[in-house]
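A.B. asks:
Numbering (this note's numbering), first residue to last: 11 to 242.
As structure tokens, this is what we get:
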């Protein structure tokens, strides 16, 4: 796995080199930019996963840079860590957070705390991105975030219960789910519900989604199992 890319925008050469060395020693791929304008010129090429931003930049201000980045879909998942001097007021910090900064740290920076905050932000961003990525089973593509299903590029309409049933299978790939578990998870364990309700909905799912009995398999006397889906 390639290291996370981190860009540092810092006009103080010594502080910039400090961050760059700290990040490289922690296993990140770090790039240094002396101004916000220089970073914007190379942002598409750099494509960072995280941005370390000095809030006292000359020229194009840090807050304006944050607003520009937050308005650009290419940087939807960019983690932005603001760094400022001790003289920063609470109002300054609030303005930075309102502009779209994810984390605000005040100098002097504690290295372990800085790296821990950065890694936490990257982990959260990775989880969110993974949730946005569709799941593919054969020619079936499911977007968990949009709650949409496409088969061979064509949209497949599912009822709410059908989608919830599919979602439960996708969250438990390769695991045999009993009819009782499915009734409890999807239908809320309503009293008087017949296990045949599960069978009927599974059969409908197979037909609508074009899943074979091997892909969404029946385990006689127990329940059903969906073979491991793949992320695309």
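Don't be surprised by glycine CBs; every beta carbon is placed ideally from N, CA and C.
(1) At what residues does the alpha helix (DSSP H) containing residue 191 begin and finish?
(2) With a floor of 3 residues, list each beta strand (DSSP E) that falls wholly inside the segment 75 to 145, ordered by position along the chain.
(3) Whose C-beta lies closer than 8 Å to the C-beta of residue 121 among residues of the same chain, with five residues either side of it excluded?
(4) From what residue to what residue does the beta strand (DSSP E) around residue 175 run?
(5) In angstroms with no decimal places, state the Cα-to-Cα distance between residue 221 and residue 232.
(6) My guess is that residue 112 and residue 131 are in contact by the Cβ rule of under 8 Å, so how many angstroms apart are they, rounded?
(7) Could you tell me the boundaries of the alpha helix (DSSP H) in which residue 24 lies?
(8) Go ahead and label residue 26 buried or exposed: buried means 16 or more other beta carbons lie within 10 angstroms of its beta carbon, across all protein chains shown.
(9) Hey, would you say residue 151 sits closer than 9 Å to residue 157, going by beta carbons?
(10) Let me know if residue 104 comes out buried or exposed under the rule of 16 or more other beta-carbons within 10 Å of its beta-carbon.
(11) How far does the alpha helix (DSSP H) with residue 47 in it extend, from its first residue to its last?
(12) With DSSP as the reference, label residue 226 as helix, strand or coil.
(13) Would you mind sorting residue 229 into buried or exposed? The rule is 16 or more other CB atoms within 10 Å of its CB.
(14) Under three-state DSSP, which class holds residue 166?
(15) Can residue 60 and residue 17 be called in contact, C-beta distance under 9 Å?
(16) For the alpha helix (DSSP H) that residue 219 lies in, which residues bound it at each end?
(17) Could you compute how far the alpha carbon of residue 189 sits from the alpha carbon of residue 225?
(18) Leaving out five residues before and five after residue 20 in sequence, what residues of the same chain have Cβ atoms less than 6 Å from its Cβ?
(19) Return the CA-CA distance between residue 194 and residue 218, expressed in angstroms with no decimal places.
(20) Does DSSP put residue 19 in a helix, a strand or coil?
(21) I'd like to check one pair, residue 75 with residue 46: are the Cβ atoms closer than 9 Å?
(22) Who does residue 233 pair with in a DSSP beta bridge?
(23) Would you give the residue range spanned by the beta strand (DSSP E) that residue 151 belongs to?
C.D. replies: Put simply:
(1) As a first step, residue 191 must be located in the chain shown, where it is residue number 181. Its alpha helix (DSSP H) spans residues 189 to 197.
(2) 89 to 94 and 113 to 116
(3) Position 111 of the chain shown, counted from the first residue, corresponds to residue 121. Closer than 8 Å at the Cβ level, and outside the excluded window around residue 121, lie 32.
(4) As a working mapping, residue 175 is identified with position 165 in the chain shown. Counting along the chain, residue 175 falls outside any beta strand (DSSP E), though it belongs to the alpha helix (DSSP H) covering 170 to 181.
(5) Locating residue 221 in the chain shown gives position 211, where the first residue counts as 1. Locating residue 232 in the chain shown gives position 222, where the first residue counts as 1. Straight-line Cα distance between these residues: approximately 20 Å.
(6) Taking the first residue of the chain shown as position 1, residue 112 is located at position 102. Taking the first residue of the chain shown as position 1, residue 131 is located at position 121. At roughly 5 Å, the Cβ-Cβ gap stays under 8 Å, so residue 112 and residue 131 are in contact.
(7) Position 14 of the chain shown, counted from the start, is the residue given in the question as residue 24. Start and end: 23 to 35.
(8) Position 16 of the chain shown, counting from 1, holds the residue named residue 26. Classification of residue 26: buried, given that the 10 Å Cβ count is 16 or more.
(9) Here residue 151 is taken as the residue at index 141 of the chain shown, counted from 1. Here residue 157 is taken as the residue at index 147 of the chain shown, counted from 1. Result no, Cβ atoms of residue 151 and residue 157 do not sit closer than 9 Å.
(10) On the chain shown, position 94 is the one that residue 104 refers to. Classification for residue 104: exposed.
(11) Start at 1 with the first residue of the chain shown, and residue 47 comes out as number 37. Note, residue 47: alpha helix (DSSP H), 46 to 56.
(12) Sequence index remark: in the chain shown, residue 226 carries index 216 (1-based). In the structure shown, residue 226 sits in a strand (DSSP, three-state: E or B).
(13) To locate residue 229, count along the chain shown from 1; it is residue 219. Flag for residue 229 reads exposed.
(14) Within the chain shown, numbered from 1, the residue matching residue 166 stands at position 156. Correct three-state label for residue 166: coil.
(15) In the chain shown, the residue the question calls residue 60 occupies position 50. In the chain shown, the residue the question calls residue 17 occupies position 7. Their beta carbons are under 9 Å apart, which means residue 60 touches residue 17 by this criterion.
(16) The residue labelled residue 219 in the question sits at position 209 within the chain shown. Counting along the chain, the alpha helix (DSSP H) containing residue 219 begins and ends at 206 to 219.
(17) In the chain shown, the residue the question calls residue 189 occupies position 179. In the chain shown, the residue the question calls residue 225 occupies position 215. About 17 Å.
(18) Taking the first residue of the chain shown as position 1, residue 20 is located at position 10. So the qualifying residues of the chain are 26 and 64.
(19) Position 184 of the chain shown, counted from the first residue, corresponds to residue 194. Position 208 of the chain shown, counted from the first residue, corresponds to residue 218. Each residue's alpha carbon lies about 23 Å from the other.
(20) Position 9 of the chain shown, counting from 1, holds the residue named residue 19. Note: residue 19 maps to strand in three-state DSSP.
(21) Here the question's residue 46 lines up with position 36 in the chain shown. Here the question's residue 75 lines up with position 65 in the chain shown. The answer is yes: Cβ separation under 9 Å.
(22) Reading the chain shown from its first residue, position 223 is the one you call residue 233. DSSP, once it has assigned bridges, lists 188 and 229 as partnering residue 233.
(23) Mapped onto the chain shown, residue 151 falls at position 141. Run containing residue 151: 150 to 153, per the beta strand (DSSP E) assignment.
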